[in-house]
Amino acid sequence: MKNWLNLNYVQPFQSLPNTLFTYVQPRGLENPKLVVKSAACSQLIGLDEQCLDEPSSLNLLSGNGILNTWKPLAMKYTGHQFGHYNPDLGDGRGLLLTQVEHDKLIWDLHLKGAGPTPYSRQGDGRAVLRSSIREFLCSEALAALNIPTTRALCVMDSESPVYRETAETGATILRVAKSHIRFGHFEYCSFTKQHDLLKTLCEHTIAQHFPALLKQSSDNIYAAFYQEVLQRTAKLMAHWQSIGFAHGVMNTDNMSIIGDTFDFGPFAFLDDFDPTFICNHSDHQGRYAFNQQPNIANWNLAVLAQALLPLVPKESLIDILESYSETFQQYFIELMLPKLGLSKNNEANLSVIEKTLAMLAQCKLDYTFFFRKLGNIHVTAIQQELRNISMDINAFDEWFIHYQNALQENGQPLNSQHDTQRYLAMNRVNPKYILRNYLAQEAIEAAQQGDYSKVQTLHTVLLHPFDEQPEFESYAALPPDWGKKLEISCSS
């Protein structure tokens, strides 16, 4: 493992035309302190995690200095925000410091909270501690859940004052990602009629992130590129819906071109199952409600198709876009069947998925708690526990009979030799531990008082979401009533 001085730095994004970015120097925070770090993320870039405790790392990752080999820049892009095109977007509080090559992969190192840029729109370019902690925890939690996502190396706290609704302390988070290219980059090139730039950006993105396309025979490689983006986006949406994750702000500038979860704002994992759950208190119309996420991804892909019109025939784009719903449904079913302990992809089992989700909504059962318990439902006490916390016992009983019959038809009846095997298999896909908002809030409040231990412990728990962790059993408990009603804003 290496330190900061001898990592293998590369600069492929800087090779693009400079209309896509502006070089900017970070502005440092006062008296930085390390809050939490990720050993797993350190390994991705070949960095010795121990060096994150050293003063040199505090200096580099709080914006107080850069290496000579780094060329920090703020990206320019545009995008649709809540359905409306905004031409004035770009990296307003984050900088792509550099890129690192390790194990034949290239990783972006992006410092969020590094101060103002030309795209800050009168903002201060800062991030606050609470939002930085939330992004760190969620990035690493989603990775542990095997969901495509950007990663987070560490969070730095400081004594620099930052003013939002109240006075807070400024913080930085080092985001590590395979790409920071968004749908909005392509919108910027296309809608400003820089078609040569659009072609250059497409070719760069294909070479960096979709190299297999270069080996395929295709009438139009840009159409093949769009098809790949659609596939990855549909798969990401299926992951979100299957795990109960609400992103909250699916603007096109928050959509990763490689299908990673990107830009964490007012996200949430579902507690009591509510398909119409809105995690962003600024989303008054419910545009980004949980059950709207697959449709919004489709809408965003249509916007991307419009941006690619200078390179791809309209008919080809329409044909590809029309495959989205079926593609999403296919991925979603593939993820949901194992959660239910079912193996056969047939109409009967599709009905079980639908009936289960309908029952969860009617009974207001906790999404994660229910699926984790479901693997052990052959135990009478577990059946009774789920039944007792159901808001509609009749609906639960009706569903349970249907589910029993489905297991029978799949050759895995309850109270048989298959119970233990099914239980173990379901526990490999149904997490016991997720990042509940109230757990994050408790850790954040402690960190704001200078105690980072709760953030670090929560991070440790979330690294192994599928495992039994007896010493952390309380982290798997149902949330208190106050913990279900937290409102999360975009302000950070």
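Counting along the sequence shown from 1, when you hit position 431 you're at 534 in my numbering, and nothing is skipped either side.
Glycine residues also receive a C-beta, built at the ideal position from the N, C-alpha and C atoms.
Return the residue from the list the options that minimises the CA-CA distance to residue i.
i	options	result
Gly553	Cys257, Gln114, Thr272	Thr272
Arg233	Leu445, Val332, Val265, His505	Val265
Ala315	Leu301, Asn518, Leu440, Gln330	Gln330
Thr336	Ala371, Gln524, Ile250	Ile250
Met178	Met529, Gln344, Tyr291	Tyr291
Tyr440	Thr181, Arg525, Gln184	Looking at the sequence itself, residue 440 is Leu, so the reference to Tyr does not match. Looking at the Cα atoms, Arg525 is the closest of the given residues.
Arg224	Ser242, Asn189, Ile236, Val231	Asn189
Ile436	Met358, Leu566, Ser345	Ser345
Gly168	Glu152, Trp107, Asn121	Trp107
Ala549	Val138, Gln433, His387, Gln486	Val138
Val406	Val564, Leu317, Asn109, Gly287	Gly287
Phe328	His312, His342, Met340, Ala341	His312
Which residues mark the beginning and the end of the alpha helix (DSSP H) in which residue i is found?
i	result
Gly287	286 to 294
Met462	450 to 466
Pro158	158 to 163
Cys144	142 to 148
Arg525	522 to 530
Glu545	540 to 551
His342	324 to 346
Glu243	232 to 247
List the whole-angstrom C-beta distance separating residue i from residue j, where the pair is believed to meet the contact cut-off of C-beta under 8 Å.
i	j	result
Gly228	Ala217	7 Å
Glu204	Asn111	5 Å
Asp469	Asp375	6 Å
Tyr126	Lys174	6 Å
Leu256	Leu240	Rounded, the Cβ-Cβ distance is 13 Å, inconsistent with contact.
Phe46	Leu538	Here the chain covers residues 104 to 595 and nothing more, so residue 46 does not appear.
Leu301	Pro135	Between Pro135 and Leu301 the Cβ distance is about 39 Å, and since that is not below 8 Å, they are no contact.
Gly195	Gly166	In fact, because the Cβ distance is near 15 Å, the residues do not count as touching under 8 Å.
Work out the CA separation of residue j and residue i for me, nearest whole Å.
i	j	result
Lys338	Thr364	11 Å
Ser556	Lys140	12 Å
Met358	Pro416	23 Å
Pro219	Phe499	53 Å
Ala246	Phe348	13 Å
Thr459	Ala528	19 Å
His350	Leu170	34 Å
Gln465	Ser493	9 Å
Trp585	Glu576	20 Å
Gln507	Lys296	59 Å
Asn669	Met462	Outside the modelled stretch of the chain, which goes from 104 to 595, sits residue 669, for which no answer is possible.
Leu443	Gly478	8 Å
Gln587	Thr379	For the sequence presented, residue 587 should be read as Lys rather than Gln. Approximately 15 Å between the Cα atoms of the pair.
Val258	Leu317	38 Å
Looking at the unbroken beta strand (DSSP E) that takes in residue i, where does it start and where does it end?
i	result
Asn497	From DSSP, Asn497 is part of no beta strand (DSSP E) but of the alpha helix (DSSP H) over 496 to 512.
Cys257	254 to 260
Thr201	197 to 205
query = Touching or not, the segment 527 to 543 and the segment 460 to 479, by the rule of three or more beta carbon pairs under 8 Å?
reply = yes
ask   = Can at least three beta-carbon pairs, one atom from the segment 197 to 208 and one from the segment 147 to 156, be found at a separation below 8 Å?
value = yes
inquiry  = Check whether the segment 441 to 458 and the segment 347 to 364 are in contact - that is, three or more C-beta pairs closer than 8 Å.
reply    = no
query = Is it a yes or a no for the segment 424 to 438 touching the segment 512 to 523, going by three-plus beta-carbon pairs under 8 Å?
reply = no
query = If we count Cβ pairs, one from each stretch, closer than 8 Å, do we get three or more for the segment 382 to 397 versus the segment 558 to 567?
reply = no
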